[in-house]
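Engineer: My questions all concern the structure below.
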Amino acid sequence: ARSAELLNEVEIALTQSPASDLTLEIDQSEPASGSACGGCAPALRQEEAPAGELPDLESQFELIIASYPEEMQQRYLNQSKYFLKAFLLVHSGEDQQALALWEEVPREERNELYLFELGCLYGRMGQNSKGVELLQQALELDPGNWLMIDALLSLLFAQGDLAKAQNFLQQQ
């Protein structure tokens, strides 16, 4: 299966990355930046994990997308190795490395999922207007996607643009 091959390639690539030595732990003391894709979740803190306690990359990937609609999960599984590696880096807290890798995703593969993930990343990095722009583009390609709508509304609220958020909701 293509997805198994891609996940294997991602696993090999990430074992050469410092992110492979890290695990995520929820820090209850600090709220996240208030932007999409983490706006209502606590901030993440990276700590070294004891040897043998990290789930394999396929399990990490499956855990991340488990809350996504099933149809969307299948679309994530069919993305390129660049997309998957960037996706895992983002969810490991390696935003700068992920941002560089998102730029390597071939232009023909820059679909609504790419726009969604990159828009959320920009939002987490405090670049809300860039995130809003990308999320709006994603929704043009996948109207009605509730994950994308939620992320867009979170960024609009974070930048204090309540009028745009209200207008957007009225159009839905």
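For the sequence shown, position 164 matches number 167 in the numbering used here, and the numbering has no gaps at all.
We put the beta carbon where it would ideally sit given N, CA and C, even for glycine.
Whole angstroms is fine: what's the gap from residue 113's alpha carbon to residue 168's?
Structural biologist: 26 Å
Engineer: Take the Cβ of residue 170 as the centre, count every other Cβ of all protein chains shown within 10 Å, and call the residue buried at 16 or more, exposed below.
Structural biologist: exposed
Engineer: When you compare only the Cα positions, how much space is there between residue 99 and residue 74?
Structural biologist: 29 Å
Engineer: Run through DSSP, which three-state label would residue 83 get?
Structural biologist: coil
Engineer: Using 8 Å for Cβ pairs, my map puts residue 150 next to residue 71. What's the rounded Cβ distance?
Structural biologist: 7 Å
Engineer: First and last residue of the alpha helix (DSSP H) that includes residue 168?
Structural biologist: From DSSP, the alpha helix (DSSP H) with residue 168 extends over 165 to 174.
Engineer: When you compare only the Cα positions, how much space is there between residue 152 and residue 166?
Structural biologist: 15 Å
Engineer: Going by the CB atoms, is the gap between residue 105 and residue 87 shorter than 9 Å?
Structural biologist: no
Engineer: Taking the straight line between their C-alpha atoms, what separation do you get for residue 65 and residue 101?
Structural biologist: 18 Å
Engineer: When we look at the beta-carbon of residue 132 and count the other beta-carbons within 10 Å, is it buried (16 or more) or exposed?
Structural biologist: exposed
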